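K.L.:
So the protein lines, in turn, are chains A and B. The opening residue of the first sequence carries number 1 in full-length UniProt numbering; numbering runs sequentially from there. The opening residue of the second sequence carries number 1 in full-length UniProt numbering; numbering runs sequentially from there. Just so you know, even glycine gets a beta-carbon here, dropped at the ideal spot from N, CA and C. In this text the structure is predicted, and so the values were computed from the model without any measurement. To start, I am sharing the structure in question, which I have written as structure tokens.
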Amino acid sequence: MVEPKLYRSVIEDVINDVRDIFLDDGVDEQVLMELKTLWENKLMQSRAVDGFHSEEQQLLLQVQQQHQPQQQQHHHHHHHQQAQPQQTVPQQAQTQQVLIPASQQAAAPQVIVPDSKLIQHMNASNMSAAATAATLALPAGVTPVQQILTNSGQLLQVVRAANGAQYIFQPQQSVVLQQQVIPQMQPGGVQAPVIQQVLAPLPGGISPQTGVIIQPQQILFTGNKTQVIPTTVATPTPAQAQITATGQQQPQAQPAQQQAPLVLQVDGTGDTSSEEDEDEEEDYDDDEEEDKEKDGAEDGQVEEEPLNSEDDVSDEEGQELFDTENVVVCQYDKIHRSKNKWKFHLKDGIMNLNGRDYIFSKAIGDAEW
Amino acid sequence: MAYQLYRNTTLGNSLQESLDELIQSQQITPQLALQVLLQFDKAINSALAQRVRNRVNFRGSLNTYRFCDNVWTFVLNDVEFREVTELIKVDKVKIVACDGKSKYSSNYCESKATSNLVFCWCLFV
């Protein structure tokens, strides 16, 4: 069994040991604290066991308990007034926040609205985007898309998803998104690759549970006016519609044309590609390959799908891609075999079984091959 | 040189991810991150050796075994892990074990544990 204390003590030891290395490298202590925070948060997310005695965690708990969409303006008000005890708010430029209302339904993947205090805290502490994402501690696979504009005008993207893409999941209810225009941006061409979310009530054409991919665009600042270059938002829905915002101060999300040109299949039916144009280009390539194979075959085999596709005896590779691969990482004292009877003498191991962590100093096992 | 074996654990992976994020935002250098990981190796190795004192038994059927570069990799099916307090059953488990006696093959062990490469080269730092 794992005692949380053990993990805690390891973290403490590591952090303390590397403090010198950090200082030698000229890295600020705050970065070290950020590392610790990130680390602890990730642990929390994965195990959902202990609480840490840090502020972020308490705020986190508050956030997680609030599943109601909150008024943004109220938050903004909070945003300006609240000051965290430990840190000041030295920022010259306001940060642009993307606040996603939480879904009230448990069925759909939920996006938890970060509490205003949390936002403020993140702004105040000048934490990096990554840290703020970590502190939000959303359920696995769902993270907020958030941009934080630091003093230097450097926009940091905070997005994490399982496959590295950036997603926003819209709750089943109508999306209530608001936008906060970046005020007081320094004119003079502050350009940086930016991920900017266009917050606007999305048209009903977008199905509720679509994921939205946001790709970075650039923001050009002309004078005092901030002109928002539209962000291309691609949904992985069948239509693969793009939402592009017009470059007004009130950008509106509109479904644009599809990314790939619609390709008509002229070689007849009989392929297994899905009717939905989920990913047009990929389907097109698959169709090509399948068609070539079919051409090689006889006419009577139109129904059979890619030849030789079932010849491989793959050994349950799907399971390897499974979420929780049960792994034991350890050292061996002695491995013994007698005919097909194996005996294992292991030590100092960390196990991850069914999603949970266990530790042992000694393990003895038997197995038949 | 402590085993880098434990980097592929919840604790180790969360540390690596955190370091990656800091590198992404350019708050630390990759070199520094490497130093942190090396320190983590030492810390976790010593913590396991000194602060953990419990025993586990397990039984199952052996699906595959591999011994390469002094690293054993097993895949067991239908395994029961038994501790005094509880019983844990899994359909499939992978066990990666480095030599408990010799600590000099740490780099091999790390690559086995994390990437399961058949061959690797050894860098003595």
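Tell me whether the beta-carbon of Leu-19 of chain B lies closer than 9 Å to the beta-carbon of Ile-28 of chain B.
P.N.:
Against a cut-off of 9 Å, the Cβ pair of Ile-28 of chain B and Leu-19 of chain B comes out as a contact.
K.L.:
Measure the C-alpha to C-alpha separation of Glu-83 of chain B and Gln-30 of chain A and round it to an integer number of angstroms.
P.N.:
Taking the straight line from one Cα to the other gives about 41 Å.
K.L.:
Taking CB distances under 9 Å as the criterion, tell me whether Glu-368 of chain A reaches chain B.
P.N.:
Yes, Glu-368 of chain A counts as interfacial toward chain B.
K.L.:
Are Tyr-6 of chain B and Val-329 of chain A closer than 9 Å when you measure CB to CB?
P.N.:
Yes.
K.L.:
Under 7 Å between beta-carbons, which chain B residues line up against Gly-268 of chain A? List them in chain order, please.
P.N.:
Result: empty, since nearest Cβ-Cβ is about 43 Å, beyond 7 Å.
K.L.:
Between Ser-14 of chain B and chain A, is the shortest Cβ-Cβ distance under 9 Å, so that the two count as touching?
P.N.:
Yes, its Cβ sits closer than 9 Å to a Cβ of chain A.
K.L.:
Pair every Cβ in the region 35 to 45 of chain A with every Cβ in the region 63 to 70 of chain B, then say whether three or more of these pairs are closer than 8 Å.
P.N.:
No, because fewer than three Cβ pairs between the region 35 to 45 of chain A and the region 63 to 70 of chain B fall closer than 8 Å, the two stretches do not touch.
K.L.:
Say whether chain A places a C-beta atom closer than 9 Å to the C-beta of Ala-47 of chain B.
P.N.:
So yes, Ala-47 of chain B belongs to the interface.
K.L.:
Shorter than 9 Å from the beta carbon of Cys-98 of chain B to some beta carbon of chain A?
P.N.:
So yes, Cys-98 of chain B belongs to the interface.
K.L.:
Once you ignore the five residues that flank Val-327 of chain A on each side, which residues in its own chain have a CB closer than 6 Å to its CB?
P.N.:
Asn-352, listed in sequence order.
K.L.:
Answer with buried or exposed for Thr-10 of chain B, where buried requires no fewer than 16 other C-beta atoms within 10 angstroms of its C-beta.
P.N.:
With 16 or more Cβ atoms within 10 Å of its Cβ, Thr-10 of chain B is classed as buried.
K.L.:
Quickly, what does DSSP pair Tyr-65 of chain B with across the bridge? List them, please.
P.N.:
Bridge partners of Tyr-65 of chain B: B:Phe-74.
K.L.:
Please say whether Lys-362 of chain A and Val-93 of chain B have beta carbons closer to each other than 9 Å?
P.N.:
Cβ atoms of Val-93 of chain B and Lys-362 of chain A: not closer than 9 Å.
K.L.:
Gln-35 of chain B: which of A:Trp-39, A:Val-263, A:Leu-38 and A:Asp-25 sits nearest, CA to CA?
P.N.:
Residue A:Asp-25 is the option with its Cα nearest to Gln-35 of chain B.
K.L.:
Beta carbon of Asp-17 of chain A: closer than 8 Å to some heavy atom of the ligand SAM?
P.N.:
Of the ligands one can find in the structure shown there are none, so the ligand SAM has no counterpart to examine.
K.L.:
With a 10 Å radius around its C-beta and 16 neighbouring C-beta atoms as the bar for buried, classify Asp-357 of chain A as buried or exposed.
P.N.:
With 16 or more Cβ atoms within 10 Å of its Cβ, Asp-357 of chain A is classed as buried.
K.L.:
Out of B:Ile-44, B:Leu-15 and B:Gln-26, which has the shortest C-alpha to C-alpha gap to Ile-350 of chain A?
P.N.:
The residue with the shortest Cα to Cα distance from Ile-350 of chain A is B:Ile-44.
K.L.:
In its own chain, which residues sit with a C-beta less than 6 Å from the C-beta of Phe-74 of chain B, not counting the 5 before and 5 after it?
P.N.:
Excluding positions up to five away in sequence, the list reads Tyr-65 and Ile-95.
K.L.:
Along the chain, where does the beta strand (DSSP E) containing Ala-49 of chain B start, and where does it finish?
P.N.:
Looking at the DSSP string, Ala-49 of chain B is not in any beta strand (DSSP E); the run it does join, the alpha helix (DSSP H), is 30 to 51.
K.L.:
Whose CA, out of A:Thr-269, A:Glu-3, A:Lys-36 and A:Phe-360, lies closest to the CA of Asn-54 of chain B?
P.N.:
Nearest of A:Thr-269, A:Glu-3, A:Lys-36 and A:Phe-360 to Asn-54 of chain B, Cα basis: A:Phe-360.
K.L.:
Where does the unbroken alpha helix (DSSP H) through Asp-17 of chain A begin, and where does it stop?
P.N.:
Counting along the chain, the alpha helix (DSSP H) containing Asp-17 of chain A begins and ends at 4 to 24.
K.L.:
Taking the alpha helix (DSSP H) that Glu-21 of chain B falls in, what are its first and last residues?
P.N.:
Per DSSP, Glu-21 of chain B belongs to the alpha helix (DSSP H) from 10 to 24.
K.L.:
Looking only at C-alpha atoms, which of B:Tyr-3, B:Glu-17, B:Ser-46 and B:Gly-60 sits nearest to Asn-340 of chain A?
P.N.:
Taking only the C-alpha atoms, the option nearest Asn-340 of chain A is B:Gly-60.
K.L.:
Spatial neighbours of Asp-78 of chain B within its chain, please: C-beta separation below 7 Å, excluding the five flanking residues on both sides.
P.N.:
So the qualifying residues of the chain are Gly-60, Ser-61 and Asp-91.
K.L.:
So that I know if they touch, is there some Cβ in chain B lying closer than 9 Å to that of Ala-256 of chain A?
P.N.:
In this prediction, Ala-256 of chain A has a pLDDT of 43, which is less than 50 and means its spatial position is unreliable; what the coordinates show is noted afterwards. No, no contact with chain B.
K.L.:
When you compare the CB of Glu-325 of chain A with every CB in chain B, is at least one pair closer than 9 Å?
P.N.:
Closer than 9 Å to some Cβ of chain B, the Cβ of Glu-325 of chain A qualifies, so yes.
K.L.:
Helix, strand or coil for Gln-4 of chain B? Go by DSSP, reduced to three states.
P.N.:
DSSP places Gln-4 of chain B in coil when its eight states are reduced to three.
K.L.:
Please list the partners that Lys-42 of chain A has in chain B, where partner means a Cβ-to-Cβ separation under 7 Å.
P.N.:
Under the 7 Å cutoff, chain B gives Ser-14, Glu-17 and Ser-18.
K.L.:
With which residues is Leu-38 of chain A paired in a DSSP beta bridge?
P.N.:
Bridge partners of Leu-38 of chain A: none, in fact.
K.L.:
I'd like the span of the beta strand (DSSP E) that includes Asp-28 of chain A, first residue to last.
P.N.:
Note, Asp-28 of chain A: premise wrong, no beta strand (DSSP E); not H, not E.
K.L.:
Just reading off the beta strand (DSSP E) that Asn-352 of chain A is part of, what are its end residues?
P.N.:
Per DSSP, Asn-352 of chain A belongs to the beta strand (DSSP E) from 341 to 353.
K.L.:
For Ala-2 of chain B, collect the residues of the same chain with a Cβ closer than 6 Å to its Cβ; drop the 5 residues on either side in sequence, then sort them by chain order.
P.N.:
For Ala-2 of chain B, where only same-chain residues beyond five positions count, the Cβ hits under 6 Å are Asp-41, Lys-42 and Asn-45.
K.L.:
Answer yes or no: do Leu-38 of chain A and Phe-22 of chain A have a C-beta to C-beta separation smaller than 9 Å?
P.N.:
Result no, Cβ atoms of Leu-38 of chain A and Phe-22 of chain A do not sit closer than 9 Å.
K.L.:
Applying a beta-carbon distance threshold of less than 8 Å, which residues of chain A neighbour Ala-43 of chain B?
P.N.:
Correct list: Val-10, Asp-13, Val-14 and Asp-17.
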